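A.B. asks: Input: one structure, supplied below.
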Amino acid sequence: SLSTALSSLVSRASAPSAGAFSAVKQSSLVLSRCSSVFTRNLYDSDRLWIGVTGAPGQKKKRSRGKRRVTRPRIDLNRGQQLGVNTQGLVIPVLQGRLTDSKGLLKRPEPGQFDMEKYNERILEMRNKQGKKRGRLKQPPLLRGWSGGQMGGQRIEPPQPVLDYAFDGFESRIVEFRMVSHMTATFGRYPSFSVMVVTGNRRGLGGYAVSKSPNRQAALRKANSRAGQRLEFFDLRDGGRTLWHPGYAKHLATSVVALPKEPGYGLRCHRLIKEVCRVIGIEDLYAKVEGSVNYKAIMRAFFRILRQQESFQHLADRERLHVVEFVGDRPRVLASPSDGQVRGADSGSEDASDDVDSDGAERLRDLATYYMGGRLLQLKRDRRRPT
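Set out below in structure tokens:
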């Protein structure tokens with residue numbers, strides 16, 4: 058019928074063809090960005106990382122139950138190269154100045170960029186961030202007195218001063234502490250306190266104490282100051298041992314040092330042992346009494362080194378013979394240079410000090426003479442008798 062024919066004709070005119078539909082779809086394509094809870098500034102990166110690392114600060118302390126082990130935050134951008142796509146595409150605009158207008162994306166030439174090594178390097182750097190840093194293990198010859206502590210470790214010589222270079226010098230860390238003091242503005246202010254001793258193993262030696270908020274700065278400052286405070290000590294047998302026994306006291310610390318025969322070694326406090334090594338002393342016995350404060354021990358032992366004098370200087374000053382007894386046989390070590398010896402018949406003012414009440418000549422012991430009349434009490438042998 059006529060109505061049926063008209064309806065079919067209208068329906069054909071209103072329905073578009075497949076080609077016309079695709080053309081309309083392509084022309085009406087609109088770019089849009091899908092939004093979610095992560096794009097509405099509800100969950101920023103800091104709040105997302107809390108789900109992995111755990112609650113920070115005081116929130117973690119207030120939580121009850123078993124506290125899980127927190128993981129450190131990882132920087133996902135570390136190791137990535139700007140202008141490189143995961144599919145191997147290179148964007149020259151992000152890598153440098155755009156000189157070629159033939160497209161912005163290009164594939165690198167064979168051998169120019171290895172994508173596998175690039176991805177492996179990124180994963181390796183990310184895995185390193187997640188691990189806690191442990192202490193660096195040092196070789197046994199470079200370690201200090203105990204484990205990974207800084208005390209006793211060897212460091213490089215002091216930095217050159219003007220035209221003088223510290224060639225042949227050796228520096229040792231004898232004290233390394235973390236200290237702090239309170240301030241009205243910053244509160245507790247932490248810093249590092251370092252004491253370094255340096256020497257050339259031929260009689261030159263010096264020490265210094267320095268503080269700094271930075272560890273390396275404190276070490277460098279103490280080492281440089283120790284090199285600027287050097288002292289020369291004229292010791293016996295070319296610096297092998299002391300000339301005579303010595304005693305010094307600083308505050309509540311007393312130090313006694315005795316010279317020893319060749320091959321005896323260093324039997325003393327570990328701080329004194331490091332000082333002897335950098336100065337060049339090989340044979341020595343020393344005993345520390347009272348407080349074991351390292352600064353007090355250092356000052357007392359350096360005072361003993363400054364008090365050392367040769368046998369010839371002692372003989373000229375006292376106008377007496379310096380004699381060493383080997384068994385029952387005396388051996389003269391030094392005599393006065395002018396040949397004038399002080400005695401009972403010399404008529405000098407100090408003659409009465411050298412003569413006992415019965416008229417016999419008094420023999421002075423060097424240990425008693427230099428220790429001011431103090432008696433030297435050595436450690437007793439606690440081994441059981443056989």
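Residue numbers (this note's numbering): 58 to 443.
Note that the Cβ used here is the ideal one computed from N, Cα and C, for glycine as well.
A quick note: this is a predicted structure, and the numbers were derived from the prediction, not measured.
Got a sec? Which residues, its chain only, sit under 7 Å from valine 67 by beta carbon, not counting five neighbours each side?
C.D. replies: Taking the first residue of the sequence shown as 1, we reach residue 67 at position 10. Residue confidence is low: valine 67 scores 46 on pLDDT, short of 50, so the model does not pin down where it sits. Its coordinate-derived value is still stated next. Excluding positions up to five away in sequence, the list is empty.
A.B. asks: Assign glycine 429 to one of two classes, buried (16 or more other C-beta atoms within 10 Å of its C-beta) or exposed (fewer than that).
C.D. replies: In the sequence shown, counting from the first residue as 1, residue 429 sits at position 372. The residue is exposed, with fewer than 16 neighbouring Cβ atoms inside 10 Å.
A.B. asks: Are asparagine 280 and isoleucine 212 touching if we call contact CB-CB under 9 Å?
C.D. replies: By one-based count along the sequence shown, residue 280 stands at place 223. By one-based count along the sequence shown, residue 212 stands at place 155. Yes, these two residues count as a Cβ contact at 9 Å.
A.B. asks: Check whether the Cβ atoms of serine 348 and leucine 308 lie closer than 9 Å to each other.
C.D. replies: The residue labelled residue 348 in the question sits at position 291 within the sequence shown. The residue labelled residue 308 in the question sits at position 251 within the sequence shown. Their beta carbons are under 9 Å apart, which means serine 348 touches leucine 308 by this criterion.
A.B. asks: For phenylalanine 382, which three-state DSSP category applies?
C.D. replies: Mapped onto the sequence shown, residue 382 falls at position 325. Three-state result, phenylalanine 382: strand.
A.B. asks: On the CB-based measure, 16 or more other CB atoms within 10 Å of its CB, does serine 267 come out buried or exposed?
C.D. replies: For the purposes of this step, residue 267 is taken as residue 210 along the sequence shown, with counting starting at 1. With 16 or more Cβ atoms within 10 Å of its Cβ, serine 267 is classed as buried.
A.B. asks: Check whether the Cβ atoms of arginine 183 and glycine 111 lie closer than 9 Å to each other.
C.D. replies: On the sequence shown, residue 183 is found 126 positions in, with the first residue counted as 1. On the sequence shown, residue 111 is found 54 positions in, with the first residue counted as 1. Going by C-beta atoms, arginine 183 is not nearer than 9 Å to glycine 111.
A.B. asks: Tell me which residues share the same chain as arginine 376 and place their Cβ nearer than 7 Å to its Cβ, disregarding the 5 neighbours each side in the sequence.
C.D. replies: Residue 376 sits at position 319 when you count from the first residue of the sequence shown. The answer, listed in chain order, is Pro393, Gln397, Val398, Arg399.
A.B. asks: Among Phe358, Asp101, Ile336, Glu339, which residue has its Cα nearest to the Cα of glutamate 346?
C.D. replies: Taking the first residue of the sequence shown as position 1, residue 346 is located at position 289. Of the candidates Phe358, Asp101, Ile336, Glu339, the one whose C-alpha sits nearest the C-alpha of glutamate 346 is Phe358.
A.B. asks: My assumption, with CB atoms under 8 Å, is that valine 312 sits in contact with threonine 255. Please give the rounded CB distance.
C.D. replies: If you number the sequence shown from 1, residue 312 lands on position 255. If you number the sequence shown from 1, residue 255 lands on position 198. In fact, because the Cβ distance is near 20 Å, the residues do not count as touching under 8 Å.
A.B. asks: Buried or exposed for lysine 194, going by 16 or more other Cβ atoms inside 10 Å?
C.D. replies: Along the sequence shown, read from residue 1 onward, the residue named residue 194 stands at position 137. The residue is exposed, with fewer than 16 neighbouring Cβ atoms inside 10 Å.
A.B. asks: Buried or exposed: which applies to methionine 239, given that a residue is buried once 16 or more other Cβ atoms fall within 10 Å of its Cβ?
C.D. replies: Taking the first residue of the sequence shown as position 1, residue 239 is located at position 182. Per the 10 Å Cβ criterion, exposed.
A.B. asks: If I measure Cβ to Cβ from aspartate 291 and keep anything under 8 Å in the same chain, skipping five residues before and after, which residues do I get?
C.D. replies: Mapped onto the sequence shown, residue 291 falls at position 234. The residues are Gly260, Gln365, Ser367.
A.B. asks: Cβ atoms of valine 253 and leucine 446: under 9 Å apart, would you say?
C.D. replies: Here the chain comprises residues numbered 58 to 443, so residue 446 is not present and cannot be evaluated.
A.B. asks: Looking only at C-alpha atoms, which of Val231, Gly108, Val141, Gln138 sits nearest to proline 129?
C.D. replies: Here residue 129 refers to the residue found at position 72 when the sequence shown is read from its first residue. Comparing Cα positions, the closest option is Gly108.
A.B. asks: Per DSSP, what are the beta-bridge partners of valine 218 in this structure?
C.D. replies: Position 161 of the sequence shown, counted from the first residue, corresponds to residue 218. DSSP lists Tyr221 as partners of valine 218.
A.B. asks: Taking 8 Å as the threshold, find out whether the segment 336-345 comes into contact with the segment 380-387 through three or more Cβ pairs.
C.D. replies: Verdict: no, contact absent.
A.B. asks: In this structure, does DSSP put glycine 262 in helix, strand or coil?
C.D. replies: Here residue 262 refers to the residue found at position 205 of the sequence shown. Glycine 262 falls in the strand class under three-state DSSP.
A.B. asks: Using alpha carbons as the reference points, say which of Asn134, Gln206, Ser228, Ser248 lies closest to valine 236.
C.D. replies: Taking the first residue of the sequence shown as 1, we reach residue 236 at position 179. Of the candidates Asn134, Gln206, Ser228, Ser248, the one whose C-alpha sits nearest the C-alpha of valine 236 is Ser248.
A.B. asks: When we look at the beta-carbon of lysine 330 and count the other beta-carbons within 10 Å, is it buried (16 or more) or exposed?
C.D. replies: In the sequence shown, the residue the question calls residue 330 occupies position 273. Looking at its Cβ environment, which holds 16 or more other Cβ atoms inside 10 Å, lysine 330 is buried.
A.B. asks: Compare the beta carbon distance of alanine 314 and leucine 299 with 9 Å and say whether it is the shorter of the two.
C.D. replies: One-based indexing of the sequence shown puts residue 314 at position 257. One-based indexing of the sequence shown puts residue 299 at position 242. In contact: alanine 314 and leucine 299 (Cβ atoms closer than 9 Å).
A.B. asks: Among residues of its own chain, excluding the 5 on either side of histidine 326, which ones have a beta-carbon nearer than 7 Å to its beta-carbon?
C.D. replies: Residue 326 sits at position 269 when you count from the first residue of the sequence shown. If we look at histidine 326 and ignore the five residues flanking it on each side, its Cβ neighbours are Ala343, Val345, Ile354.
A.B. asks: Give me the DSSP bridge partner(s) of alanine 391.
C.D. replies: Position 334 of the sequence shown, counted from the first residue, corresponds to residue 391. For alanine 391, which the question treats as bridged, DSSP gives the partners Val379.
A.B. asks: When DSSP builds the beta bridges, which residues end up paired with tyrosine 304?
C.D. replies: One-based indexing of the sequence shown puts residue 304 at position 247. DSSP lists Val313 as partners of tyrosine 304.
A.B. asks: With 16 as the cutoff for other CB atoms within 10 Å, does arginine 104 come out buried or exposed?
C.D. replies: Indexing the sequence shown from 1 puts residue 104 at position 47. With fewer than 16 other Cβ atoms within 10 Å, it is exposed.
A.B. asks: Once you ignore the five residues that flank arginine 293 on each side, which residues in its own chain have a CB closer than 7 Å to its CB?
C.D. replies: Numbered from 1 along the sequence shown, position 236 holds the residue referred to as residue 293. So the list reads Leu299, Trp300, Pro316, once near-sequence residues are dropped.
A.B. asks: Measure the Cβ-Cβ separation of leucine 423 and proline 302 and say whether it is below 9 Å.
C.D. replies: Indexing the sequence shown from 1 puts residue 423 at position 366. Indexing the sequence shown from 1 puts residue 302 at position 245. Yes, the pair counts as a contact, with Cβ atoms nearer than the cut-off.
A.B. asks: Determine the DSSP secondary structure at lysine 194, reduced to helix, strand or coil.
C.D. replies: Working through the sequence shown from its first residue, we reach residue 194 at position 137. If DSSP states are grouped into helix, strand and coil, lysine 194 belongs with coil.
A.B. asks: Could you tell me the distance, in whole angstroms, from the CA atom of aspartate 373 to the CA atom of proline 197?
C.D. replies: If you number the sequence shown from 1, residue 373 lands on position 316. If you number the sequence shown from 1, residue 197 lands on position 140. Cα to Cα, aspartate 373 sits roughly 49 Å from proline 197.
A.B. asks: Is it buried or exposed, leucine 63, if we count other Cβ atoms within 10 angstroms and call 16 or more buried?
C.D. replies: Stepping through the sequence shown from its first residue, residue 63 is reached at position 6. Per-residue confidence for leucine 63 stands at a pLDDT of 44, beneath the threshold of 50, marking its modelled position as unreliable; the derived number appears in the next sentence. It is exposed - the Cβ of leucine 63 has fewer than 16 other Cβ atoms within 10 Å.
A.B. asks: For arginine 324, which residues from the same chain have a beta carbon less than 6 Å from its beta carbon, with the 5 sequence-adjacent residues on both sides left out?
C.D. replies: As a first step, residue 324 must be located in the sequence shown, where it is residue number 267. Taken in chain order, the residues that qualify are Tyr342.
A.B. asks: Distance, Cα to Cα, phenylalanine 226 vs glycine 284?
C.D. replies: Within the sequence shown, residue 226 is the residue found at index 169, counting from 1. Within the sequence shown, residue 284 is the residue found at index 227, counting from 1. Going from the Cα of phenylalanine 226 to the Cα of glycine 284 covers about 9 Å.
A.B. asks: Within a Cβ cutoff of 7 Å, which residues of the same chain sit near serine 79, ignoring the five residues on either side of it in sequence?
C.D. replies: What you label residue 79 is simply residue 22 of the sequence shown in a count that begins at 1. Residue confidence is low: serine 79 scores 46 on pLDDT, short of 50, so the model does not pin down where it sits. Its coordinate-derived value is still stated next. Nothing listed; no residue qualifies.
A.B. asks: Classify leucine 292 as helix, strand or coil using the three-state DSSP reduction.
C.D. replies: Within the sequence shown, the letter at position 235 stands for residue 292. Coil.
A.B. asks: Taking just the CA atoms, how far does leucine 180 sit from glutamate 173?
C.D. replies: Position 116 of the sequence shown, counted from the first residue, corresponds to residue 173. Position 123 of the sequence shown, counted from the first residue, corresponds to residue 180. Cα to Cα, the separation comes out at about 11 Å.
A.B. asks: If you draw a straight line from the alpha carbon of isoleucine 338 to that of lysine 306, how long is it in whole angstroms?
C.D. replies: To locate residue 338, count along the sequence shown from 1; it is residue 281. To locate residue 306, count along the sequence shown from 1; it is residue 249. Each residue's alpha carbon lies about 21 Å from the other.
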